[in-house]
Every structure is written in structure tokens, then in C-alpha cells.
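A.B. asks:
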Amino acid sequence: MKKITLILLTAMIISGSIGISGCGNESDTNDNPNVSTYGNESSNDTDTANPVINDTTGYQHRGENDDYEYKVYDTYVEITKYKGSGTDVTVPSEIEKLPVTAIGRIAFSGCQSLTSITIPDNVTFIDSLAFSECSSLSDITIPENNISIEANAFYHTPWYTEQADGLVYLGKCLYSYKGNMPENTNITLKEGTSCISGNAFSNCSTLTGITIPNSVTFIGADAFSGCTALSSVAIPDSVTEIGENAFNGCSALANVNIPDGITSIKKYTFNACEALTSINIPDSVTEIGESAFNGCSSLKSVTIPNGVIIIGDMAFSGCFSLERITIPESVTMIAGYPFSFCRNLTIYGKSGSSIEEYANEENIPFVVE
């Protein structure tokens, strides 16, 4: 019998903060955006590969040259800081004979002299706030291939200020909804859109529906957080990455699917989706993150597929209506108190399994199936 690793953490119900005022990922009235980060500016030399890039081969070392500081991984380079003072800058396509595929968090932030930036075709990821507060940046050339852009990457730049209200695209990425959204808005993204940027529709409380084309592969952190009127979303199978807090606080969301290619349901992804009554977790998922379904008070039954290894702290906490959850033997780590305040819960699983042992230790009713 496999033993479950039980990690105890301090338990409390967290609703999850939604930090951007207004609708969309940029706000002229908010100078301190709350964005999810991957900590690319960290000085920890044990950093692992960026989670958005399909590369798990690992971090090697830090480096720098006259213009850049960067991190080197086995198969790619991530730029972490621009040290130059150029006005018209082209990001290098290669450093140390490896392709540059990522521009890290705040890498160019505050470059006041920067007026134009050209990003090479091999860059596939731009992290949050990467070009924020570049007060002269008005010209952006971005790859036409698929690229993922996180929240507020071009926050407080002339480029964004000059954009018309409504949907703002950057290359194939839906960057933001700008301005005041009318009541009962239903949006159809244009065919060929490859990403929905972090915070793109954050706090768009009048968004009632959205049609996402099957060309989209990436939905960024907080993309729909606080969309309190959004009741249903069909996420196409082309999507392979959904960021933290993506649907946090979508209190009317009753129907949503998780595509087969998703491997991790990240922190707070569906936190406080109070109208959600059921969820289908695909076989591709290996981890259910911290507070992923926290506060989904209408959720009644969940089947965790064989292949899930980790259930995070408070993953289903505050799911007051949850009566049944089936947990496979593949689960080997349960962190903290994922089922706190699930007063009517019964766990279903294999006889003699570590799941049964866990249920007994936590005084949660267990039924063999």
C-alpha cells in the first residue's frame, strides 16, 4: 500500500483577492496592479523551468553580457533584465548558442528611453510587467507565431494608451479589454487568436459570455477573475495552460470544461465559483493546486481521475454541498486541509488503500467502491 504524504498547513478559507480595478488588465486609476508572478527575478539558483514553456529539462546557470542579464536552461534562455539605454531595441534571438524563448517578469520595466521593441520569432512567453512603465514605448513588433503574454506586460506605456476602447490585440494575443464594457456583453474572439493574456477581462462584471476559438492555447493568470456575470465558458481542447486565478470569483459560473491537455489545475483557478455544480477533471491532470475549487459551495460530486498525484491545501475547502469525492490510489500527496468545511463529504476509494487510511485519520466517512 502506497503511503500518502500529508502536509499540514494552517487552514482558513480564502476568497482570493482580485486586485485590478476596472475592466481588463490595465487601469489608469490603479498604479499597483496585483498580478500573479513566477518570480523570474529571484536570486535563487535552484530555479526550475518556466511553467509556460514546454521544457522541463532544467535550470543551468545565470549569465550576463553588456546589455542583458539572463537565465540559461538546457534548451533555452530567459532574459531577466535589460541593462542598456537604447531607444530602438531588438531582443536577441540567441544567447550562449541557445534560443531566447522567454522575457521574464519586469525585465524591461522602467526603461524610460525605450521607444521601440522588436521581439524575435522564437520568443514564446512574455511574463507579467515585462515592459511596464516604459513611458516612451509606442512601437511593438511581436512574432506572428503563438506567444503567451502574462498580466500587465505593457502596463503604463504609450502603446496601450493609444489603443482604442474594446478588445486590444497584440499580434495573435488578446491582450486586454479596454474601457467600460456595456451591460450583458457577449464576446467572440477572432479566429486565429492564440492566447488570452493575464488579466485580460479581470473584473469585467458585465461580461456574460465569451466564445473562444480552438486556436487559443494559453489563458493567463486572472484572465477572467471577478467576471461575476459570466455563467458559462467552453474552453477548447487546444488550450494547454490555464493560469492561476483564471476564473477566481466568477460567482455565476455554472458550466465550464477543463480541456484534456491541461496537466495542472493551478492555485485559485475556480476559487469562489459559487454556482458551479459539477466539474469534469480530465485524465491529463496530475495536480490540483491550492484552493483550486475553494468556496465552490454548489459543487456536489467530484471524481478525481487516476493520474492525479497531488491535491493541494484547501483544494475543495468550503464546498459545503460536496457529498461525494472519488480519489484514486495515484494520489500520493495531500497538503493541509483540502476538505475543510465539507461537512457532508464521503470519500470513495479502494479497500485497504492509503486513501482509506487518510479518510480514517481525518474522520471523513469512507466507502469502498
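Heads up, the sequence shown is in this note's numbering, so the first residue is -12 and it goes up one at a time. Cβ atoms here follow ideal geometry from the backbone N, Cα and C, with glycine treated the same way.
#1: Unbroken beta strand (DSSP E) runs of length 3 or more, entirely within the stretch 166 to 232: which are they?
#2: On the DSSP letters alone, give me the boundaries of the beta strand (DSSP E) that I90 sits inside.
#3: The alpha helix (DSSP H) that contains E344, what's its start and end?
#4: Verify whether the separation of the beta carbon atoms of S125 and C160 is less than 7 Å.
#5: Using three-state DSSP, classify T264 as helix, strand or coil.
#6: For the beta strand (DSSP E) holding T290, just list the boundary residues, first then last.
#7: Let's see if you can read the secondary structure: which residues bound the alpha helix (DSSP H) around T148?
#8: Take the Cβ of D114 as the centre, count every other Cβ of all protein chains shown within 10 Å, and call the residue buried at 16 or more, exposed below.
#9: Looking only at its own chain, which residues have a Cβ that is under 7 Å from the Cβ of G71, when we skip the five neighbours before and after it?
#10: According to DSSP, is V355 part of a helix, a strand, or is it coil?
#11: Using DSSP with H/G/I as helix, E/B as strand and the rest coil, what is S135?
#12: Tell me which residues share the same chain as E356 and place their Cβ nearer than 8 Å to its Cβ, disregarding the 5 neighbours each side in the sequence.
#13: State buried or exposed for E137, treating a residue as buried only when at least 16 other CB atoms are found within 10 Å of its CB.
#14: Counting only the same chain and skipping the five closest in sequence on each side, list residues whose C-beta sits under 7 Å from that of I321.
#15: Determine the direct distance from the alpha carbon of F188 to that of K165, and round the result to whole angstroms.
#16: Sorted by chain position, which residues of the same chain lie with C-beta nearer than 7 Å to G50's C-beta, five sequence neighbours on each side aside?
#17: Roughly how many whole angstroms lie between the Cα atoms of F234 and E149?
#18: Among the candidates C260, K287, G294, whose CA atom is the shortest distance from the CA of S431?
#19: Is T33 buried or exposed, if buried means 16 or more other CB atoms sit within 10 Å of its CB?
#20: Identify, in the order they occur along the chain, each residue of the same chain with its Cβ nearer than 8 Å to the Cβ of G207, setting aside the five sequence neighbours on each side.
#21: Pull up the distance between the alpha-carbon of Y147 and that of I104, whole angstroms please.
#22: Looking at E261 and S284, is the spacing between their C-beta atoms short of 7 Å?
C.D. replies: In this structure, then:
#1: Listed in chain order, the complete beta strand (DSSP E) runs (minimum 3 residues) inside the stretch 166 to 232 are 172 to 175, 194 to 198, 219 to 221.
#2: Stepping through the sequence shown from its first residue, residue 90 is reached at position 103. Run containing I90: 85 to 90, per the beta strand (DSSP E) assignment.
#3: The residue given as residue 344 occupies position 357 in the sequence shown. Taken as a continuous stretch (DSSP letters only), the alpha helix (DSSP H) holding E344 covers 341 to 348.
#4: Numbered from 1 along the sequence shown, position 138 holds the residue referred to as residue 125. Numbered from 1 along the sequence shown, position 173 holds the residue referred to as residue 160. Between S125 and C160, the C-beta spacing is not below 7 Å.
#5: In the sequence shown, residue 264 corresponds to position 277, counting from 1. Note: T264 maps to coil in three-state DSSP.
#6: Here residue 290 refers to the residue found at position 303 when the sequence shown is read from its first residue. T290 -> beta strand (DSSP E) spans 288 to 290.
#7: In the sequence shown, the residue the question calls residue 148 occupies position 161. Segment 145 to 148, the alpha helix (DSSP H) holding T148.
#8: Taking the first residue of the sequence shown as 1, we reach residue 114 at position 127. Looking at its Cβ environment, which holds 16 or more other Cβ atoms inside 10 Å, D114 is buried.
#9: By 1-based counting over the sequence shown, the position of residue 71 is 84. Cβ neighbours of G71 beyond the five flanking positions: D54.
#10: Locating residue 355 in the sequence shown gives position 368, counting from the first residue. Strand, per DSSP.
#11: As a position in the sequence shown, residue 135 is number 148, starting the count at 1. Of the three classes helix, strand and coil, the one that applies to S135 here is strand, per DSSP.
#12: The residue labelled residue 356 in the question sits at position 369 within the sequence shown. Excluding residues within five positions, the ones whose Cβ falls inside 8 Å are T313, Y335, G336, K337.
#13: Within the sequence shown, the letter at position 150 stands for residue 137. Buried, by the Cβ-count rule.
#14: The residue labelled residue 321 in the question sits at position 334 within the sequence shown. Closer than 7 Å at the Cβ level, and outside the excluded window around I321, lie I(-9), L(-7), I298, Y345.
#15: The residue you call residue 165 lines up with position 178 of the sequence shown. The residue you call residue 188 lines up with position 201 of the sequence shown. Cα to Cα, K165 sits roughly 9 Å from F188.
#16: One-based indexing of the sequence shown puts residue 50 at position 63. Y57, V59, E83, listed in sequence order.
#17: Position 247 of the sequence shown, counted from the first residue, corresponds to residue 234. Position 162 of the sequence shown, counted from the first residue, corresponds to residue 149. Approximately 28 Å, taken between the alpha carbons.
#18: Shown here, the chain extends from -12 to 356; a query on residue 431 therefore has no answer.
#19: Your numbering for residue 33 matches position 46 in the sequence shown. Low local confidence applies: a pLDDT of 39 at T33 is under 50, so the model's placement there is unreliable, with the coordinate-based value given in what follows. With fewer than 16 other Cβ atoms within 10 Å, it is exposed.
#20: By one-based count along the sequence shown, residue 207 stands at place 220. Setting aside the 5 residues that flank it on each side, G207 is surrounded in the same chain by S135, I136, E137, A138, C182, I183, S184, G185, N186, A187, G230, A233, each with a C-beta closer than 8 Å to its C-beta; the list follows chain order.
#21: For the purposes of this step, residue 147 is identified with residue 160 of the sequence shown, where counting begins at 1. For the purposes of this step, residue 104 is identified with residue 117 of the sequence shown, where counting begins at 1. Using only the alpha carbons, I get a separation of about 14 Å.
#22: Within the sequence shown, numbered from 1, the residue matching residue 284 stands at position 297. Within the sequence shown, numbered from 1, the residue matching residue 261 stands at position 274. Yes, the Cβ-Cβ distance between S284 and E261 is below 7 Å.
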